[in-house]
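Undergrad: Numbering (this note's numbering), first residue to last: 120 to 486.
In structure tokens form, the structure reads like this:
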């Protein structure tokens, strides 16, 4: 028996034997049984953007439920108002549609409160990216990014009290809107996730932050990193971080030794990287227009190879499609492991890719 199979053995139950509310290994499955037994639509090639580039290969969106998305967006707006969003910021938040994002990507939950957890965490991640890292017009400053991110770490993973030394930190955690968002979002996550799942989300966030500091150093130094170096940093800064929420939002837990097994992690990294390549493809115009241009795989390839944006786009599409094909093969190979939690997670990764493409390709943020 392989180590991976051994780790899965206590929960060796076929997925189609599970029912909603079935306790398994201390977890309670809340996933609608129709989703676990439904035939999956095959992967397809999709046009994207203005349709001028080659199509991307990915799964179709597994669920489109505008009413559920609206409910999550309403709850998200109420939360954002409670932590101090201005009317203009609330309007921008609604226009972005994080409720629609989590409806499309977290297809194994119909619970608006659980989906709200993912919407809040994604809002906080994007706020940090915009306000701290990427958007100069919103105050992003590469020279201040590292210390800002250390404070974000303190908001996500509260520190032991240090008496008088904690008072200035507490003040900052209440004053800074991004830090308030992180603190409130992770507090909600704790109500629905195990401690291990919370720390998994925190530490994947901190890993992502390390990549952000690399981008900041490149920007501040006026450097254009080669595409391979950018991609090495980018693969720890992908939607893999968002995907760590798949099982807590759905109401189960992938055992740690399965979640972090190199084969499972490789599959998850491919799914996360494929999804973030879509983000880069659709963000080229915005990223290149910033007064301090941000890193983007298309821009890095164009600079690296001295080719046009159109040619670099084709290279990026080919890389995306390769990642998705390889995830598809990983998913098939890992079906041999007798773990319903793992099967659900892989199913969730697949649907996350499909839903994320649908969201990015229809979202005004990327127009």
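In this text, a Cβ means the ideal position worked out from N, Cα and C, and glycines have one as well.
Residues in the same chain with beta-carbon distance under 7 angstroms from residue 373, minus the five sequence neighbours each way, listed in chain order, please.
TA: Within the chain shown, residue 373 is the residue found at index 254, counting from 1. Excluding residues within five positions, the ones whose Cβ falls inside 7 angstroms are 366, 460, 461, 464.
Undergrad: Could you check how far apart the C-beta atoms of residue 369 and residue 442 are, in whole angstroms? I think they sit under 8 angstroms.
TA: Along the chain shown, read from residue 1 onward, the residue named residue 369 stands at position 250. Along the chain shown, read from residue 1 onward, the residue named residue 442 stands at position 323. That belief does not hold up - the Cβ atoms of residue 369 and residue 442 are roughly 24 angstroms apart, past 8 angstroms.
Undergrad: Quick one: give me the first and last residue of the beta strand (DSSP E) that residue 165 is part of.
TA: Counting from 1 along the chain shown, the entry for residue 165 is found at position 46. It spans 163-165 - the beta strand (DSSP E) in which residue 165 sits, taken as one unbroken run.
Undergrad: For the pair the region 268-286 and the region 325-342, tell me if three or more CB-CB distances fall below 8 angstroms.
TA: Yes, they touch.
Undergrad: Is residue 175 helix, strand or coil by DSSP?
TA: Taking the first residue of the chain shown as 1, we reach residue 175 at position 56. In the structure shown, residue 175 sits in a strand (DSSP, three-state: E or B).
Undergrad: Below 7 angstroms between beta carbons: does that hold for residue 349 and residue 388?
TA: Taking the first residue of the chain shown as position 1, residue 349 is located at position 230. Taking the first residue of the chain shown as position 1, residue 388 is located at position 269. No.
Undergrad: State the start and end residues of the unbroken alpha helix (DSSP H) segment that holds residue 398.
TA: On the chain shown, residue 398 is found 279 positions in, with the first residue counted as 1. Element bounds for residue 398: 381-408.
Undergrad: Taking the runs of the beta strand (DSSP E) that are 3 residues or longer, which of them lie wholly in the region 445-471?
TA: Complete beta strand (DSSP E) runs here, min 3: none at all.
Undergrad: Less than 7 angstroms separating the beta-carbons of residue 397 and residue 476?
TA: Translated into positions along the chain shown, residue 397 becomes position 278. Translated into positions along the chain shown, residue 476 becomes position 357. In this structure, residue 476 lies closer than 7 angstroms to residue 397 by Cβ.
Undergrad: Write down the C-beta distance between residue 297 and residue 251 rounded to the nearest angstrom, noting that I regard them as a contact closer than 8 angstroms.
TA: Looking up residue 297 in the chain shown gives position 178. Looking up residue 251 in the chain shown gives position 132. Their Cβ separation, rounded to whole angstroms, is 7 angstroms, which keeps residue 297 and residue 251 in contact under 8 angstroms.
Undergrad: If we count the other Cβ atoms within 10 Å of its Cβ and call it buried at 16 or more, is residue 142 buried or exposed?
TA: Against the chain shown, residue 142 aligns to sequence position 23. Because residue 142 carries a pLDDT of 35, less than 50, the predicted location of this residue cannot be relied on, and no value is offered for it.
Undergrad: Given this structure, state the Cα-to-Cα distance separating residue 470 from residue 423, to the nearest angstrom.
TA: Looking up residue 470 in the chain shown gives position 351. Looking up residue 423 in the chain shown gives position 304. Taking the straight line from one Cα to the other gives about 33 angstroms.
Undergrad: With distances taken Cα to Cα, identify the nearest neighbour of residue 110 among 485, 486, 473, 332.
TA: Limits of the chain in this structure are 120 at one end and 486 at the other, which puts residue 110 out of reach.
Undergrad: Could you tell me the alpha carbon to alpha carbon distance between residue 166 and residue 255, rounded to whole angstroms?
TA: For the purposes of this step, residue 166 is identified with residue 47 of the chain shown, where counting begins at 1. For the purposes of this step, residue 255 is identified with residue 136 of the chain shown, where counting begins at 1. The alpha-carbon atoms of residue 166 and residue 255 are separated by roughly 31 angstroms.
Undergrad: Using a Cβ-Cβ cut-off of 7 angstroms (strictly less than) and excluding sequence neighbours within five positions of residue 432, which residues of its own chain qualify?
TA: The residue labelled residue 432 in the question sits at position 313 within the chain shown. Same-chain partners within the cutoff: 172, 400, 417.
Undergrad: Say the cut is 6 angstroms; is the CB of residue 216 nearer than that to a heavy atom of the ligand NAD?
TA: Among the ligands in the structure shown, none appear at all, so the ligand NAD cannot be discussed.
Undergrad: Count Cβ pairs between the region 279-298 and the region 234-252 that sit closer than 8 angstroms; are there 3 or more?
TA: Yes, since at least three Cβ pairs between the region 279-298 and the region 234-252 fall closer than 8 angstroms, the two stretches touch.
Undergrad: My output table needs one value for residue 196: the three-state DSSP class, helix, strand or coil.
TA: In the chain shown, residue 196 corresponds to position 77, counting from 1. Helix at residue 196.
Undergrad: Taking all protein chains shown into account, do 16 or more other C-beta atoms lie within 10 angstroms of the C-beta of residue 379, making it buried, or fewer, making it exposed?
TA: By 1-based counting over the chain shown, the position of residue 379 is 260. Exposed: under 16 other Cβ atoms inside 10 Å.
Undergrad: Quick check on the burial criterion: 16 or more other C-beta atoms within 10 angstroms. Buried or exposed for residue 262?
TA: In the chain shown, residue 262 corresponds to position 143, counting from 1. Exposed, by the Cβ-count rule.
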